[in-house]
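The structure appears right after this line, and notes come after that.
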Amino acid sequence: MLRPKLKPVLAYLVLIVPSSLIILGFLWLLITSFSTRVEGLQSLGWTLNNWRFLWESPFGPQYPSIWAVTLNTLVMSLIMTLIVVVVSSLTGYALSRMKFPGRKGFLSLTLILHAFPSVTLLIPIYFVLLWIAKIPLIGRDVPLLGGFGYNTIGGVALVMVAFQLPFGIWIMKGFFDNISWDMERSALIDGASRFKVWWQIIMPNIKPGIAALSIFSFLTAWNAYLIPLTFTAGRAGKSAVLSLYLQNFISESVMTEWNAVAAVGLFQLVPVVLFFLFTQEALLNIYGGGKKGGV
Amino acid sequence: MKIALEALNKHFGKVKAVDSLDLEIGDGEFVALLGPSGCGKTTTLLMLAGIYKPTSGHICFDDRVVNHLLPKERNIGMVFQSYALYPHMTTFDNIAYPLKLKRVRRKEMKERVQRSADMMGIGDLLDRRPAQLSGGQQQRVALARALVKEPAILLFDEPLSNLDAKLRLRMRGEIKRLQEDLAVTAVYVTHDQVEAMTMASRIAVMNYGVLQTYGAPNQLYDHPDTLFVAGFIGAPPMNFLEMTFKERDDGFYLKSQALEIRILAEQGALAKQDSIPQRVIMGIRPENVSIVAERDGDFKAEVYLIEPLGREDLVTFRFVDEEIRALVSAPFDGRIGETICLKLDKEKAHLFNPETEVSVLRTGNGRSS
Amino acid sequence: MKRRTEKIGERGKPPLPVLLGTRNIGFSRMRGQLAPYAFLSPTLILVTLFFFIPLVMVFILSFTKLDMTNFGILEWWKPVNWSLDNYVKIFTNRFLSRILGNTIMYVAVTLALFNVGMALVIALITTHIKRRTGFAFRTLWFLPRITPVVVYTMMWRALAGPAPMGVINKYFLVPLGIGGGEYLLHTHPWVFIFLVNGFIGASFGMILFASAIESIPKDYTIASKVDGATTWQTIRYVELPMIKWPLLFVTTYQTLSLLTSFEQIMLLTDGGPGLYQTEVWSLTAYHRALTSYFGNTQWGYGAAWSVVLVIIGVVMAVIYLRVFKFRELVEEPKIDQL
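Protein chains in written order, with the working numbering: chain P, 17 to 311; chain H, -7 to 361; chain L, 125 to 462.
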């Protein structure tokens, strides 16, 4: 009787032991954010001082408040999500459903692109963004986004879109693979163009996929660090996002206030954890349906 | 609208899905494409629809080559096996979709949708979603959608195979009647020979991408051109016996281990012409095998299985190592294991060359087309 | 066109009006051929802007000695200023083998233990226990991915800290009498690099695998149970074979992710604590190109490191695609472009 029971117990151990490390870590984070100092998980003095960034700007009034930065982050994440979903589903549709020379090559290419390290491309992308900034209308001074050039929310979003595309395209392709061919044929015979088929017939039928990719992209964007850090001038500038706001506490002061960093980190984390809790069910649809050739 | 297919080919890589197909369909005709799955019939239909592009050859509608016309430029309506309704749209929106794409005005669209829904008897289901409809109702929506744009050609891809038997019978009649009323050219793909026989004015039988025969249902039934057609058309299927061909002074004989029968003189003459030295496959339909008193019989066989069909019983007999099935009027009073005398109706016998699998009698009938 | 005419002639048919309205046919045909590229164009634009143009620039830069001191002076776009010096420098670097070894170890271990291994374990367990518990565990494992990376690495430094501050030392190692309460990041840097990256990496596979397992039709698992299989046998013979595709995808995708990632290592050990002890290839590229050791960022030299990394990554990707017979598994579209 021991043997059959041993395996589940072992499995649970494998799950629970590493999980407890996460719990310990986040417990420490929580305690730290409300303490002056900690020793292990023991607070050496409770305080709310670390959270004062919520109601005052700790670096002076000329810097944007946490709420403005949060809004920036939200806008950037939403923009990035929107573009990723639209572009991925356009391309995923073509790769899944249309015949053209080089289709398989293009599909391989999208995966190979993921092998291009972001670090490699940071400097040249900087030049590209400077160049986009010179394009009238879309380059700069667009309301809310700032534009799509250097040091704008739109520009940062666009770069992140590019790095998210390989994943997005493969995920969306998987969903398109599972749509019945007869439905699409029927729409073509009814008189629709391929574009209308995509928009009016297929897209409404892969809502679970769109939702899943949106959630994943949003979470990725919210948390992005390196790209916003590189492509916005000044961590406290008007295009600052939360992960950069955090950076203020680390380098601008002589002594890094780690407890405040913990608090800002938690502030950034809490909304997306809640978001994830409510959307996990939808996110779990991300694998379109078990068919080969999908992701 | 007339349809003509000329030397039509469709290859998927190395697979020849459709192999130099020639077919003409008259205006207002109802033609069935019949064959087992994978025989190329659906591929042919999809080429007609403009979904597949022929590898070579022509598709002509009324003498106009349409190879390069997009599906929407061909004025066709199509009904799919899976119905292919749009799950996110109501019945009304499903039927109205072709009109919406044509930018038909709202008022006219409403009228036409209502008319075509009424015609299919689903006028009161217009605000439901496909998921809320039964299989039969979905099929009617699909038909209404195909009809609403008043197409010149109707294409059917096994439209009844997802329905239960009773409903299938009913829809079969309705589709046939509808097609006659509208006098629209129809091409109907099916693997069910009963459907093809009952609905079509002509049947094109396909196998491995090749057209086997093309003709009126009765002609295919009475004078099948090939072994494949003979075996495919008719239920229960035709019996086949491998025989040796012999010419004697008093006529022509077919002989096997268990039996020897004399065939008609003209059959024998044709068989002789076809120059198969000895072997021949004889085909005989179960209704042409009868139970007789001992002195009239051609051979004896043992009752192996009795399958009552209602009006008739299908009886399987075994003799030596062969089997033959007969349709006898019910109730059949024999018992399993009993030995009974059988007689074949030689006039209705079919003879096939075992190598080419072509009927040796077909010179008499001429190849139908 | 010629063959077609012959055929018609052969069969003695009146010539078909093939050519009538050629212009019209030509147009609709061309439109059909171009449609796929219209769908692809946004991706093509983004890929060109943010992958190809930068790659070409990096490639050119890698042959130059552009750095912060000669920026604006050196005409790096002129072939006169190009040489292979940077590459010679890389391949004669005495730490090259260590960096390469580190990279291979980092990718292989993290991938096997966490990004695929742990991901699969969590996905399998959380889909076989009570639904709510499964959701809770997956949320927990998703936390590392959505925590700001700076804070996340800070948290791990606290876990690894020396006694009495460090959580692991204070509550586990010291009471058990293991070690001397040293800073674990100094004594076991690699363990923590695997953990820190692995905990983030595992959630990617976890979500995909869990999703794939949930999408397996229940009939299969029920049939397997009816046949008398234990849960483990059901997993081994039914579920694992059915999630083959996500397994291959995650393996490929995460190999490339790991190969190019460096943020966590940078924030955690920055290649230390010993000389190049935990330095991986992508981090080297970053260090050479974007941080100044001697008040000087060597863009050209860093670019050369990057180019080699791109080549390694592309070769890996191509090998994966070959090994997984990817091309054979991609289905042909069932609608032709007319």
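For glycine and all other residues, C-beta sits at the position ideal for the given N, C-alpha and C.
query                                                                                                                                                                                                            : result
Assuming Met65/L and Pro34/P form a contact by the criterion Cβ under 8 Å, report the distance between their Cβ atoms to the nearest whole angstrom.                                                             : Nothing can be reported for residue 65/L: it is not among the residues displayed for chain L, which extend from 125 to 462.
Do Trp44/P and Val438/L have their beta-carbon atoms positioned less than 7 Å apart in this structure?                                                                                                           : no
Run through the region 30 to 94 of chain H for me and flag every whole alpha helix (DSSP H) of 4 or more residues, listed as ranges in chain order.                                                              : 33 to 41, 83 to 93
Across which residues does DSSP place Tyr180/H in a beta bridge pair?                                                                                                                                            : Ala24/H, Phe148/H
Suppose the cutoff is 8 Å on Cβ atoms and the five residues either side in sequence are ignored; what does the same chain contact list for Phe294/P look like?                                                   : none
How many Å lie between Val71/H and Val58/H at the Cα?                                                                                                                                                            : 20 Å
Considering Cα atoms alone, identify which of Leu282/P, Asn301/P, Thr89/P, Ala237/P is closest to Trp67/P.                                                                                                       : Leu282/P
Locate the beta strand (DSSP E) running through Thr354/L, then write down its first and last residues.                                                                                                           : Per DSSP, Thr354/L belongs to no beta strand (DSSP E) and is neither H nor E.
Give every residue of the same chain whose Cβ lies closer than 6 Å to the Cβ of Lys8/H, excluding the five residues on either side of it in the sequence, and list them in chain order.                          : Gly201
How long is the line joining the alpha carbons of Gln204/H and Glu349/H, rounded to whole angstroms?                                                                                                             : 11 Å
With three or more beta-carbon pairs closer than 8 Å as the criterion, would you say the region 264 to 277 of chain L touches the region 348 to 357 of chain L?                                                  : no
Helix, strand or coil: which one does DSSP assign to Asp305/H?                                                                                                                                                   : strand
Considering only residues of the region 72 to 116 of chain P, which uninterrupted alpha helix (DSSP H) runs meet the minimum length of 4 residues and lie entirely inside it, listed in chain order?             : 82 to 113
Can you confirm whether the region 376 to 385 of chain L touches the region 174 to 190 of chain L when touching is taken to mean that 3 or more C-beta pairs between the two stretches lie within less than 8 Å? : no
I need the boundaries of the beta strand (DSSP E) containing Lys449/L, first residue and last residue.                                                                                                           : Element bounds for Lys449/L: n/a, residue is neither H nor E.
Does DSSP classify Gly305/P as helix, strand or coil?                                                                                                                                                            : Residue placement at Gly305/P is poorly supported in this model, since its pLDDT is 49, which falls under 50; the coordinates are not used for a value here.
For the region 49 to 79 of chain H, which residues have a CB atom closer than 9 Å to at least one CB atom of chain L, in sequence order?                                                                         : Gly49, His50, Cys52, Asp55, Arg56, Val57, Asn59, His60, Leu61, Leu62, Pro63, Glu65
Can you give me the C-alpha to C-alpha distance between Phe373/L and Leu380/L, rounded to a whole angstrom?                                                                                                      : 11 Å
Can Phe309/H and Ile316/H be called in contact, C-beta distance under 7 Å?                                                                                                                                       : yes
If the cut-off is 7 Å on Cβ atoms, which residues from the region 180 to 207 of chain H count as contacting chain P, listed in chain order?                                                                      : none
Under a Cβ-count criterion, where at least 16 other Cβ atoms within 10 Å of its own Cβ denotes burial, should Arg256/L be classed as buried or exposed?                                                          : exposed
By the 10 Å Cβ neighbour count, where 16 or more other Cβ atoms means buried, how is Asp119/H classified, buried or exposed?                                                                                     : exposed
Using a cut-off of 9 Å between C-beta atoms, extract the partners of Pro220/P located in chain H.                                                                                                                : Tyr78, Pro79, His80, Met81
Thinking just about the alpha-carbon of each residue, which of Ala196/H, Arg169/H, Leu174/H, Asp173/H is nearest to the one in Tyr180/H?                                                                         : Ala196/H
Closest to Trp186/P by C-alpha separation, out of Leu309/L, Met279/L, Tyr377/L, would be which residue?                                                                                                          : Tyr377/L
Give the DSSP-derived three-state secondary structure of Ile375/H in the structure shown.                                                                                                                        : Outside the shown range of chain H, which is -7 to 361, sits residue 375/H, and nothing can be said about it.
Step through the CB atoms of chain L and report whether any lies within less than 7 Å of the CB of Ser51/P.                                                                                                      : no
Along the beta strand (DSSP E) that carries Gln270/H, what are the first and last residues, could you check?                                                                                                     : Where Gln270/H is concerned, there is no enclosing beta strand (DSSP E), given that its DSSP letter is neither H nor E.
Rounded to a whole number of angstroms, what is the C-alpha to C-alpha distance between Tyr142/P and Tyr75/H?                                                                                                    : 53 Å
Taking only runs of the alpha helix (DSSP H) that begin and end inside the region 250 to 299 of chain L, which ones reach a length of at least 4 residues, in chain order?                                       : 255 to 270, 273 to 284
Quick one: what's Ser282/H bridged to in DSSP?                                                                                                                                                                   : Lys335/H
Does Phe50/P come out as helix, strand or coil in the three-state DSSP assignment?                                                                                                                               : coil
Can you give me, in chain order, the residues of the region 194 to 205 of chain P that have a beta carbon less than 7 Å from any beta carbon in chain H?                                                         : Ser196, Asp198, Met199, Arg201, Ser202, Leu204, Ile205
Under the criterion of a Cβ to heavy atom distance below 6 Å, does Gly30/H qualify as lining the ligand ADP?                                                                                                     : Judged by which ligands are present, the structure shown has none, so any question about the ligand ADP falls away.
Any beta carbon from chain H within less than 7 Å of Glu130/L's own beta carbon?                                                                                                                                 : At Glu130/L the pLDDT is 38, less than 50, meaning the model places this residue with poor confidence; the figure from the coordinates comes in the next sentence. No, its Cβ sits nowhere closer than 7 Å to a Cβ of chain H.
With a cut-off of 7 Å, does the C-beta of Ile302/P fall near any C-beta of chain L?                                                                                                                              : yes
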